[in-house]
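So the mapping is simple: my numbering equals the position in the sequence shown, first residue as 1, plus 1.
Glycine included, C-beta positions come from ideal geometry on N, C-alpha and C.
None of the values given here were measured: they were computed from a predicted structure.
Working notes for the structure below.
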Amino acid sequence: MAGGAFVSAGTGKEYPGKITLYVFLTCIVAACGGLIFGYDIGISGGVTAMTPFLQKFFPKVYRQESGADSTNQYCKFDSVPLTLFTSSLYLAALVASFFASAVTKIFGRKVSMFVGGIVFLGGAAINGAAQNVAMLIIGRIMLGIGVGFSNQSVPLYLSEMAPYKFRGALNICFQLMITIGILCANLVNYGTDKIESGQGWRVSLGLAGVPALIITVGALFLPDTPNSIIGRNKPEEARKHLQRIRGPVNIDEEFNDLVAASDESKMVENPWRNLLQRRYRPHLCMAILIPFFQQLTGINVVMFYAPVLFKTIGFGNNASLMSAVITGLVNVFATFAAIFIVDKKGRRFLFLEGGCQMFIFQVLVGVLIWIKFGTDGIAVIPKGYAILVVFCICMFVAGFAWSWGPLGWLVPSEIFPLEIRSAAQSINVSVNMLFTFIIAQVFLSMLCHMKFGLFFFFGGFVFIMTVFVYFFIPETKGIPIEEMSQVWKQHWYWGKFIPEDGHVEMAKPAKTVA
Numbered sequence: 002m003a004g005g006a007f008v009s010a011g012t013g014k015e016y017p018g019k020i021t022l023y024v025f026l027t028c029i030v031a032a033c034g035g036l037i038f039g040y041d042i043g044i045s046g047g048v049t050a051m052t053p054f055l056q057k058f059f060p061k062v063y064r065q066e067s068g069a070d071s072t073n074q075y076c077k078f079d080s081v082p083l084t085l086f087t088s089s090l091y092l093a094a095l096v097a098s099f100f101a102s103a104v105t106k107i108f109g110r111k112v113s114m115f116v117g118g119i120v121f122l123g124g125a126a127i128n129g130a131a132q133n134v135a136m137l138i139i140g141r142i143m144l145g146i147g148v149g150f151s152n153q154s155v156p157l158y159l160s161e162m163a164p165y166k167f168r169g170a171l172n173i174c175f176q177l178m179i180t181i182g183i184l185c186a187n188l189v190n191y192g193t194d195k196i197e198s199g200q201g202w203r204v205s206l207g208l209a210g211v212p213a214l215i216i217t218v219g220a221l222f223l224p225d226t227p228n229s230i231i232g233r234n235k236p237e238e239a240r241k242h243l244q245r246i247r248g249p250v251n252i253d254e255e256f257n258d259l260v261a262a263s264d265e266s267k268m269v270e271n272p273w274r275n276l277l278q279r280r281y282r283p284h285l286c287m288a289i290l291i292p293f294f295q296q297l298t299g300i301n302v303v304m305f306y307a308p309v310l311f312k313t314i315g316f317g318n319n320a321s322l323m324s325a326v327i328t329g330l331v332n333v334f335a336t337f338a339a340i341f342i343v344d345k346k347g348r349r350f351l352f353l354e355g356g357c358q359m360f361i362f363q364v365l366v367g368v369l370i371w372i373k374f375g376t377d378g379i380a381v382i383p384k385g386y387a388i389l390v391v392f393c394i395c396m397f398v399a400g401f402a403w404s405w406g407p408l409g410w411l412v413p414s415e416i417f418p419l420e421i422r423s424a425a426q427s428i429n430v431s432v433n434m435l436f437t438f439i440i441a442q443v444f445l446s447m448l449c450h451m452k453f454g455l456f457f458f459f460g461g462f463v464f465i466m467t468v469f470v471y472f473f474i475p476e477t478k479g480i481p482i483e484e485m486s487q488v489w490k491q492h493w494y495w496g497k498f499i500p501e502d503g504h505v506e507m508a509k510p511a512k513t514v515a
């Protein structure tokens, strides 16, 4: 049996230290980097559902949406320029993540956050003042650069700052901020859609500057992580900082492991080339497959096209925006649940339960749309039926929000050895952004051509990824981040890639720094 996936992950290392107020506050401020990503995911779909925005920038889509050119509900929003407006951000984030990797490693995590916030702020200003599609795209590209930098640095920052027993909960704060950003965007869209001048879309796009300002100012006051400080050859400063964030406990063992990991990482001249070595095969596979599967759940279809999706299946404009607010609320509360469960039940429990839940309700959404709209896409949806559709979508969102949503960022950020951490995280972010871009670019066209079958398409991937988790993702709960190699070595499949001397014991007799 493939039971090696369930092997106890204990390593015998138990570093002292609890969540101090200092750690909690710094992690909350850093996690605010998720606000810019979440706000953008939520704002795009709402703005593209606003009539004045479509009339000004995408008149062809407006004619389709109003029924002048087509009555097929599936194809109302099928437009390459419209999807490019949404998806250009993710392509820019993909490219930016490679540059962010070098910045994060050389200058530290907080500098990368600051750069991301500044560039995002500029993009928000351009979008809010946009006069043509070109300005919209330029603004979106700048937003993407900001997202690329923040998504590269924030998960690493949280995993490195947190005491290992609480790493899951503190790291999920990043996903929590993403969900809060989405909810805030949905609420803003619902309010600005009522502005009579027709300029509400400018307010929605311009307010992206608020979360950007939060992370930009916050980054100025954040300390860097001990791992990053040691990597920049400042061990004395790192020891003092580690003592501050862990409180009045003995930090010698943890500090010695950090120094040993840093010494080993400095022997690696090219982390990108090293990622291709056999010993890093499990890490490379996870850096690619976890973000790939996260996007193939279909969640971003629901979140950044929620108002468009609800409008497509027959909701009025205000009703579609309100339904997006409801799914946003479910997203936030389910992520809160993950924070309390992840370090108790573990990562695998949430992956497997969430995967089963997503599969069931995504298939149900497809069936409900199939029954009502068939293949011609022409129908009027009654109120009770609409409520049932929204309920199923909310259950799907909840399943994602306490599984693949937070764990898709948490697990990659905690499994990479220090010597490849920035490079591997860059691959994780870039793959995430690549498939977010692809899904955003082709979704409306796929909906037009595949119709209700699109939900079965994503449901099939959810089934595949749940099976993948069952056999290939080990439990990482309660493992010190520099001791994670033990988990891979004990795994029924990945263990054969880890050599006997492959980073198993990090704490060698210490170099003690006074």
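CB-CB under 7 Å to residue i, same chain, minus the five flanking residues each way: which ones, in chain order?
i	result
Trp-495	Pro-283 and Trp-489
Arg-280	Phe-498, Ile-499, Pro-500 and Gly-503
Tyr-23	Arg-245 and Ile-246
Ser-160	Arg-168, Asn-172, Ser-414, Glu-415 and Ile-482
Asn-433	Pro-292, Gln-295 and Gln-296
Lys-512	Only weak support is given to the placement of Lys-512: the predicted model assigns it a pLDDT of 44, under 50, and the value that follows is read from those uncertain coordinates. Hits under 7 Å: Val-260.
Check residue i in the structure and name its three-state DSSP category.
i	result
His-450	helix
Ala-101	helix
Val-81	helix
Tyr-91	helix
Val-250	coil
Tyr-16	coil
Tyr-165	helix
Tyr-494	coil
Leu-277	coil
Glu-238	helix
Ile-183	helix
Ile-474	coil
Asn-433	helix
Met-136	helix
Ile-499	coil
Asn-128	helix
Met-178	helix
Met-485	coil
Asn-271	coil
Asp-377	coil
Gly-299	coil
Thr-21	coil
Gly-117	helix
Gly-109	coil
Arg-233	coil
Excluding the 5 residues preceding and the 5 following residue i in the sequence, name in chain order all residues of the same chain whose CB lies nearer than 6 Å to its CB.
i	result
Thr-555	This structure cannot settle anything about residue 555, because the visible part of the chain is limited to 2 through 515.
Phe-453	Gly-367, Ile-370 and Trp-371
Leu-435	Leu-95
Ala-131	Leu-137
Met-205	Rather than Met, the amino acid found at residue 205 in this sequence is Ser. Contacts found: Ile-44, Val-48, Val-189, Asn-190 and Thr-193.
Gly-149	Ala-94, Ala-97, Ser-98 and Ala-101
Glu-255	Tyr-16
Ala-186	Tyr-40, Gly-43 and Ile-44
Val-390	Leu-369
Gly-35	Phe-175, Met-178 and Ile-179
Ser-404	Leu-351, Phe-352 and Gly-355
Which residues mark the beginning and the end of the alpha helix (DSSP H) in which residue i is found?
i	result
Gln-358	348 to 374
Gln-132	Element bounds for Gln-132: n/a, residue is neither H nor E.
Met-396	384 to 402
Gln-296	282 to 296
Gly-407	It should be pointed out that residue 407 corresponds to Pro in this sequence rather than to Gly. That run of the alpha helix (DSSP H) goes 405 to 416.
Pro-481	Careful: Pro-481 lies outside any alpha helix (DSSP H) and carries neither H nor E.
7 Å is my cut-off, CB to CB: does residue i come that close to chain C?
i	result
Asp-194	This model lacks chain C altogether; it includes just one protein chain.
Got a sec? Which residues, its chain only, sit under 8 Å from residue i by beta carbon, not counting five neighbours each side?
i	result
Val-303	Leu-310, Thr-328, Ile-394, Phe-397 and Val-398
Leu-122	Gly-147, Gly-210, Ala-213, Leu-214 and Thr-217
Asp-344	Lys-166, Phe-167, Arg-168, Gly-169, Ala-170, Lys-478 and Gly-479
Thr-84	Ala-441, Gln-442, Val-443, Phe-444, Leu-445 and Ser-446
Val-364	Phe-456, Phe-457 and Gly-460
Met-268	Glu-420
Tell me the start and end of each unbroken alpha helix (DSSP H) in the region 192 to 227 that is at least 4 residues and wholly inside, in chain order.
201 to 207 and 210 to 222
Runs of alpha helix (DSSP H) lying entirely within the region 27 to 60, each at least 4 residues, in chain order:
34 to 48 and 52 to 58
Is the region 464 to 475 close to the region 325 to 332, with three or more CB pairs under 8 Å?
no
Between the region 422 to 441 and the region 331 to 343, are three or more C-beta pairs nearer than 8 Å?
no
Three CB pairs or more closer than 8 Å across the region 153 to 164 and the region 97 to 106:
yes
Taking one C-beta from the region 227 to 242 and one from the region 54 to 61 each time, how about it: are there three or more such pairs within less than 8 Å?
no
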